[in-house]
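Residue numbers (our numbering), protein chains in the order written: chain A, 42 to 366; chain B, 42 to 366.
Positions of the beta carbon are idealized from the N, C-alpha and C atoms, including for glycine.
For reference, the structure discussed in these notes is given below.
2 protein chains.
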Amino acid sequence: MKIKSEWALIGRIQKLLARTGAGSGPGLELGIGDDCALFDTGGEYGLITADISIEGVHFNLDTAGPSDIGYRAMASNISDIASMGGTPAYAFISIGIPRGMNEKTVMAVYRGMISVCKKTGTVIAGGDTSASRVLVISIALYGKAGNGRVLTRKGAGPGDGIYVTGTLGDSRAGLELLQKKGVKKSYPFLTRRHLRPDIRLGESSVIADEAGARSMIDVSDGLVSDLRHICESSGTGFEIDADSLPVSAQLKRYCAETHRDHREYALYGGEDYELLFTAPAPGAGTLEKIGASRIGMIKDRGFHIILGGRKKAVRIGGYDHFAGR
Amino acid sequence: MKIKSEWALIGRIQKLLARTGAGSGPGLELGIGDDCALFDTGGEYGLITADISIEGVHFNLDTAGPSDIGYRAMASNISDIASMGGTPAYAFISIGIPRGMNEKTVMAVYRGMISVCKKTGTVIAGGDTSASRVLVISIALYGKAGNGRVLTRKGAGPGDGIYVTGTLGDSRAGLELLQKKGVKKSYPFLTRRHLRPDIRLGESSVIADEAGARSMIDVSDGLVSDLRHICESSGTGFEIDADSLPVSAQLKRYCAETHRDHREYALYGGEDYELLFTAPAPGAGTLEKIGASRIGMIKDRGFHIILGGRKKAVRIGGYDHFAGR
């Protein structure tokens, strides 16, 4: 049987691990199913996340420079640690390099990774190099989770407000701009948001320590898709107000000029790496400190979006590597 | 500049990390340059290794079944933990899957990985899935290193005996047999040694605890190449006696029939995943318990092999992904 959907495949793999008992064991508090695994080291708790980026699937060398590609690959991993409220520590980089690639290009990829590592206090501690047909960057990241109290996807309760840091939809618009040459000069903020996303590490610790948050995830697949991950793990529903979604001035301008709806970008665009969390009653001062907006509420069931005053059941978006599109 | 050699590239990357300070930081006892990184978690010490296997480079689906490919990819990571004297704990599997691949094939890859995990007490704790042009299996493995006293490549001293577990050269012969159909029936041991290598975890702890070993590595690149890694890290030389290398009866028979020299296979064949260690004076009982043979001695300097009674300076072999061959 051909693979039809990434989510179905992951479901099959999870079932196989459950059946064989290979997915759980002593000391492992959280295995597959969240942004990171969580385990007890006897001292601090450890978090590990792993992400793979493949040329032609996650990036193309004609729309992003090698240094940007390195930056984004590392940033997406560090964001997974941030989304649990942890602190990144050690990165392991396995890289597959096309045989004809210039050494300078490879060094630029590393320089991009190093730049985000330096900003976030992450040390590059190991890895592997290989030849490959296309550029492959596979990163595993170890982070520290203190006493093990982390924010997971599970924990949202009906009545929780839904909050998100920063603005949404910029990265998708930035990618579109990079794909069509000649337009990008007017929207440097949007392309930068795609190529060099901010990682919300400082915000993450405030959310974990001060906001009374009960669940968290980073926006990588897209708001609706990531919110659905929270709700499916928590056994809840959601209602969000599309008109309350935080969008940047440049995204509004871009959408006005291209006759698009910026709410679509905010709802379904991925890779913004903003933090999405739920909390019963975070203080206004806390929300201001981290630049977070309230966008809706956790419900008992159902996935709903209020769009122009009308409540609609949701279309589940987000990127699926195996869906025919 | 085109990439000429994997080792030169790794050297460039290490220099960049050193110059930017991105390769070292608090708590990291060992970074890039050994089989695993070693770090202090505040409780037990942690080891992490990462290895990538790419279709067409590390394996081909026409010479190995998908389950064997999964087995070998996981085994090579677990062997890196064994080579430091650690205990494997949590595996993170990032997999790139060709869009047309059958789901059954993907599940077989996982079943191969699970089978070696179950044998070794390793839990599959996370990972990532993506579409890809060719099959890519990238694994990161967390292992436990107790109080942090591990066996590294550095630590061999002149006068140490050089020892290796099991037999050498079988895996390379097994691969050759798999590549030429019709021959393999007579040498099931050799093909099994290639497809389902034993991981010397039990032996590893005996070597660490009882043999008084001062350095260790696993034979993945090939005996001469891996011994050179030990000597370069330790600032020493070596002298090995090619006639004392442990070889299996099937390898001898295969080499006799194909008019090859089995010592060449033992010296330069890789992926046997046997443990290579140095120790001043391990007890005969200990060596017997782990099936280890003495093959030479650590010297002040120089890399020499005694072949048919004549001492020769060494030809450095081992696989280089970017060398033109």
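Exposed unless 16 or more other CB atoms sit within 10 angstroms - verdict on residue i
i      : result
B/A59  : exposed
A/G350 : exposed
A/L118 : According to the sequence as given, residue 118 of chain A is Asn; it is not Leu. So A/N118 counts as buried.
B/G326 : exposed
B/H300 : exposed
A/R342 : exposed
A/E85  : buried
A/R213 : buried
B/P107 : buried
B/A333 : buried
B/G97  : exposed
B/E298 : exposed
A/P129 : buried
B/R140 : exposed
A/A367 : Residue coverage of chain A in this structure runs from 42 to 366, which leaves residue 367 of chain A outside it and unanswerable.
B/M142 : buried
CB contact below 7 Å: residue i versus chain A
i      : result
B/I248 : no
B/R174 : yes
B/L57  : yes
B/I393 : Outside the displayed range of chain B (42 to 366) lies residue 393 of chain B, so it cannot be described from this structure.
B/G64  : yes
B/D369 : Absent from the model: residue 369 of chain B. The displayed extent of chain B is 42 to 366, so no value can be given.
B/Y314 : no
B/V98  : yes
B/A78  : yes
B/I73  : yes
B/Y151 : yes
B/S274 : no
B/V265 : no
B/T61  : yes
B/G84  : yes
Any C-beta of chain B under 7 Å from that of residue i
i      : result
A/G52  : no
A/T104 : no
A/L377 : Residue 377 of chain A lies beyond the range of chain A shown here (42 to 366); nothing can be said about it.
A/C296 : no
A/F133 : yes
A/D169 : yes
A/Y112 : no
A/M42  : yes
A/T17  : There is no way to answer for residue 17 of chain A, as the model of chain A reaches only from 42 to 366.
Beta-carbon contacts of residue i that lie in its chain and below 6 Å, excluding the five residues immediately before and after
i      : result
A/V260 : D267, D313, E315 and L317
A/M154 : G111 and M115
A/A91  : A181
A/G137 : S171, S173 and V177
A/I134 : G168 and I180
A/R152 : S108
B/A149 : P107 and S108
Pairwise C-alpha distance: residue j and residue i
i      : j      : result
B/I51  : B/G62  : 16 Å
A/T193 : A/L71  : 9 Å
B/G162 : B/G184 : 11 Å
A/R190 : A/A249 : 9 Å
B/K32  : B/T104 : Since the first and last residues shown for chain B are 42 and 366, residue 32 of chain B lies out of range.
B/A307 : B/T208 : 8 Å
B/L79  : B/L242 : 18 Å
B/S245 : B/G83  : 24 Å
A/I347 : A/A354 : 9 Å
A/L286 : A/E251 : 23 Å
B/L236 : B/F230 : 10 Å
A/G127 : B/S274 : 34 Å
B/E40  : B/M257 : In the structure as shown, chain B begins at 42 and stops at 366. Residue 40 of chain B is therefore absent and cannot be evaluated.
A/S94  : A/N101 : 10 Å
B/R234 : A/Y228 : 58 Å
B/P199 : B/L328 : 20 Å
Contact set for residue i: own chain, Cβ-Cβ below 7 Å, skip 5 residues either direction
i      : result
B/K56  : none
B/K330 : V247
A/H303 : G210, V288, L292, K293 and C296
B/A320 : D201, G202, Y204, A252, G253, A254 and R255
Beta-carbon contacts of residue i that lie in its chain and below 8 Å, excluding the five residues immediately before and after
i      : result
A/I240 : A116, I119, S120, A123, V157, K160, T161 and Y314
B/G64  : Q55, L58, G72 and I73
B/H270 : R194, I258 and D262
ask   = Which residue spans inside the stretch 256 to 288 of chain B form an unbroken beta strand (DSSP E) run of at least 3?
value = Here the runs fully enclosed are 256 to 259 and 278 to 282.
query = Whole beta strand (DSSP E) runs in the stretch 180 to 207 of chain B with 3 or more residues, listed along the chain?
reply = Counting only unbroken stretches of 3 or more residues, the beta strand (DSSP E) elements lying wholly within the stretch 180 to 207 of chain B are 202 to 206, in sequence order.
request  = May I have a chain-ordered list of the beta strand (DSSP E) segments no shorter than 3 residues that lie completely inside the stretch 83 to 112 of chain A?
outcome  = Entirely contained in the stretch 83 to 112 of chain A, the beta strand (DSSP E) runs reaching 3 residues are, in chain order, 86 to 95.
query = Can you list, in chain order, the stretches of the alpha helix (DSSP H) that have 4 or more residues and sit fully within the stretch 124 to 166 of chain A?
reply = Within the stretch 124 to 166 of chain A, the alpha helix (DSSP H) runs of at least 4 residues that lie entirely inside it are, in chain order, 144 to 161.
ask   = Curious, which full-length alpha helix (DSSP H) runs of at least 4 residues does the stretch 283 to 330 of chain B contain?
value = Taking only runs of at least 4 residues, the alpha helix (DSSP H) segments lying wholly in the stretch 283 to 330 of chain B are 290 to 299 and 303 to 309.
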